[in-house]
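Chains as they are written, first to last, in the numbering used here: chain A, 24 to 85; chain B, 16 to 479. All remarks here apply to the structure that follows.
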Amino acid sequence: MTTKPDALDGLIEAAVQALDLPFEPAWQPAIKANLAVTLRQAALVSEFPLPDDTEPAPVFQA
Amino acid sequence: MTINPITASAAEIAGAIRAGTTSAREVIDAVLAAIRSRDKALNAFTAVTEERARAKAAAIDAQRAQGGALGPLAGVPFAVKNLFDVAGLPTLAGSKINREHPAATRDATLIERLEVAGAVLVGALNMGEYAYDFTGENVHDRPSRNPHDTLRMTGGSSGGSGGAVAGRLVPLSLGSDTNGSIRVPASLCGIFGLKPTYGRLSRARTFPFVASLDHLGPFARTVGDLALAYDAMQGHDPDDPVCAQKPAEPTLPRIDDGIDGLKIAVAGGYFRKGAAPEALTALERVATALTAKREIEIPEAARARAAAYVITATEGAALHLDRLRTRAHDFDPAVRDRLIAGAMVPATLVNKAQKFRRWYRARVLELFAEVDVILAPATPCTAPLIGQQTFVLDGVELPVRANLGIYTQPISFIGLPVVAVPVPLKPLPIAVQIIAAPWREDVALKVARTLERTGVVAAPNPSE
Numbered sequence: 024m025t026t027k028p029d030a031l032d033g034l035i036e037a038a039v040q041a042l043d044l045p046f047e048p049a050w051q052p053a054i055k056a057n058l059a060v061t062l063r064q065a066a067l068v069s070e071f072p073l074p075d076d077t078e079p080a081p082v083f084q085a
Numbered sequence: 016m017t018i019n020p021i022t023a024s025a026a027e028i029a030g031a032i033r034a035g036t037t038s039a040r041e042v043i044d045a046v047l048a049a050i051r052s053r054d055k056a057l058n059a060f061t062a063v064t065e066e067r068a069r070a071k072a073a074a075i076d077a078q079r080a081q082g083g084a085l086g087p088l089a090g091v092p093f094a095v096k097n098l099f100d101v102a103g104l105p106t107l108a109g110s111k112i113n114r115e116h117p118a119a120t121r122d123a124t125l126i127e128r129l130e131v132a133g134a135v136l137v138g139a140l141n142m143g144e145y146a147y148d149f150t151g152e153n154v155h156d157r158p159s160r161n162p163h164d165t166l167r168m169t170g171g172s173s174g175g176s177g178g179a180v181a182g183r184l185v186p187l188s189l190g191s192d193t194n195g196s197i198r199v200p201a202s203l204c205g206i207f208g209l210k211p212t213y214g215r216l217s218r219a220r221t222f223p224f225v226a227s228l229d230h231l232g233p234f235a236r237t238v239g240d241l242a243l244a245y246d247a248m249q250g251h252d253p254d255d256p257v258c259a260q261k262p263a264e265p266t267l268p269r270i271d272d273g274i275d276g277l278k279i280a281v282a283g284g285y286f287r288k289g290a291a292p293e294a295l296t297a298l299e300r301v302a303t304a305l306t307a308k309r310e311i312e313i314p315e316a317a318r319a320r321a322a323a324y325v326i327t328a329t330e331g332a333a334l335h336l337d338r339l340r341t342r343a344h345d346f347d348p349a350v351r352d353r354l355i356a357g358a359m360v361p362a363t364l365v366n367k368a369q370k371f372r373r374w375y376r377a378r379v380l381e382l383f384a385e386v387d388v389i390l391a392p393a394t395p396c397t398a399p400l401i402g403q404q405t406f407v408l409d410g411v412e413l414p415v416r417a418n419l420g421i422y423t424q425p426i427s428f429i430g431l432p433v434v435a436v437p438v439p440l441k442p443l444p445i446a447v448q449i450i451a452a453p454w455r456e457d458v459a460l461k462v463a464r465t466l467e468r469t470g471v472v473a474a475p476n477p478s479e
């Protein structure tokens, strides 16, 4: 998974609207930088192949 | 035995009070005076519970006068990160917003358990806002300052917990550790810190950060004090759904058993990459003292750190989403911008991180079939300057705030118990992680105690 840098501007704008998130133009660079780092970390995890039946770590017990 | 209550260990204080060579009142008077005179420079405390402390000390002295049995922590002053509920105080969690919360009506479980053992709460401690921090800086309360150099960071987020113990304001404090927030300040302040196994100690009545990663634990200047406090806090608590159904497993009685037969390895690969020379020197000294020659590779540690990063960003954003929508301007901007970004990360990626966590846990547990203990640096470097935004790790300039925990995150990610042991390098100390298998805090504490007896690890006094 790779995220094109310009795509983040669109993602931020859409997420702010769709998810009712607070936003001011002055916050954009820091939010974008943080989102870019988090998505890079997520990509590192996502590209690691895991079997379909791998159970997520938190297991709910009824 | 005559003691100096400012420099004495918790065990020495309790012993002197039991023996009657000092009183709880004398100890608390001395500690309150030290906080008044020296915390201006350290900024470790956000509240001092003077009245409560004096009443508790008087009760302990009265109990002794009447011939009553005193607990193992009788008269020992302690303080807690201000995300612990303290009856009568709002639980700040380092924030501005929580100052408007009503005062807590009951103490956190761990405070109750330390007080049952005789300890005396003297106050609440500074921390990074909502614990999303490795620096110990706080825009609302100003930064906690490192007692070894007050221009430098304590590390965080349990910054005041590190500064208060290293600065000889209290012999014992409590903090929380989601990604390294006990081990990082222990390293930068040069004291001992214990992050127990995930689920070992109750988190009831503390302000959360990332529920699936949050741990609580003690800081002290000796390994014996860590064990003393840890033993007093163990045991199941139905008020914390994560707290394990395990009886207390006291560690202190066998802490001097030595380490014969223990297989100890040093983490290689990821855990050496990016480490400054002082971090590697500290690691080498500890490994040499333990004759640990084997190097072991913790598989996919970088990915483990990445997964912890993703889970933290998103669970943290979920916790604070409503506050972000209504009070965005009342957050520390650095925390706010990280949380807003976290709210934009798709759930699919979080689920993959949780799946990876299961895989990684299984691989690391396989390592513990071969070894009993793994050594790793606690931080990549000694304390950076307060306000320092970036540092260079392995030739790459990176933000300090997010990267002081690169070596702690892959370990807490799967809840392993760790004792951070300080190596008293000059001019600044730095710690090494003693990592054990789940539920084997006793092993990590025994190794730490062995190192302490050799003198390789110790909590240096900043005034010496």
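Glycine residues also receive a C-beta, built at the ideal position from the N, C-alpha and C atoms.
*Comparing alpha-carbon positions, which option in B:Thr-212, B:Asp-240, B:Ser-227, B:Asp-271 lies nearest Gly-250 of chain B?*
B:Thr-212
*Tell me, please, whether the CB atom of Gln-64 of chain A is closer than 9 Å to any CB atom in chain B?*
yes
*Keeping to the same chain, check which residues put their C-beta closer than 7 Å to that of Asp-240 of chain B; ignore five residues upstream and five downstream.*
Ser-24, Ala-25, Ala-26, Pro-186, Leu-187
*Identify, in the order they occur along the chain, each residue of the same chain with its Cβ nearer than 7 Å to the Cβ of Arg-455 of chain B, setting aside the five sequence neighbours on each side.*
Pro-432
*Kindly list, in the order they appear in chain B, the residues whose Cβ is closer than 9 Å to that of Asp-43 of chain A.*
Arg-340
*Roughly how many angstroms separate the alpha carbons of Glu-41 of chain B and Arg-236 of chain B, rounded to a whole number?*
21 Å
*Using 8 Å as the threshold, is the segment 350–364 of chain B in touch with the segment 244–260 of chain B, meaning 3 or more CB pairs across them?*
no
*Contacts around Val-330 of chain B, its chain only, beta-carbon distance under 6 Å, and the 5 residues preceding and following it disregarded*: In the sequence under discussion, the amino acid at residue 330 of chain B is Glu, which differs from the Val named in the question. Within the same chain, Glu-330 of chain B has close Cβ partners Val-225.
*Listed by chain order, chain B residues near Ala-53 of chain A by CB distance under 7 Å*: Asp-352
*For Ala-452 of chain B, which residues of its own chain have a beta-carbon under 6 Å away from its beta-carbon, when the five flanking residues on both sides are left out?*
Phe-383
_Using beta carbons (cut-off 9 Å, strictly below), is Trp-374 of chain B in contact with chain A?_
yes
*Kindly indicate which three-state DSSP category His-230 of chain B falls into: helix, strand or coil?*
strand
*Return helix, strand or coil for Val-471 of chain B, following the three-state DSSP convention.*
coil
*Using the beta-carbon count (16 or more within 10 Å), is Gln-84 of chain A buried or exposed?*
exposed
*Quick one: which chain A residues come within Cβ less than 9 Å of Met-248 of chain B?*
Near Met-248 of chain B there are no residues of chain A at all, since even the closest Cβ is about 24 Å away, more than 9 Å.
*Based on Cα-Cα distance, which residue from B:Ala-473, B:Thr-150, B:Leu-364, B:Ile-75 lies nearest to Arg-33 of chain B?*
B:Ile-75
_Distance check for Glu-65 of chain B and Leu-47 of chain B, CA to CA, integer angstroms please._
7 Å
*Note down, in chain order, all residues in the segment 289–318 of chain B with a beta-carbon under 8 Å from any beta-carbon belonging to chain A.*
Glu-315, Ala-317, Arg-318
_Could you give the first and the last residue of the continuous alpha helix (DSSP H) run that contains Gly-175 of chain B?_
174–181
*Starting from Asn-161 of chain B, follow its DSSP beta bridges and name the residues at the other end.*
B:Asp-164
*Short CB-CB distance (under 9 Å) between Pro-81 of chain A and chain B*: yes
*How is Lys-441 of chain B classed by DSSP in three states: helix, strand or coil?*
coil
_Ser-191 of chain B versus Asp-229 of chain B: straight-line alpha-carbon distance, rounded_ = 7 Å
*Three-way DSSP call (helix, strand, coil) for Ile-274 of chain B in this model*: coil
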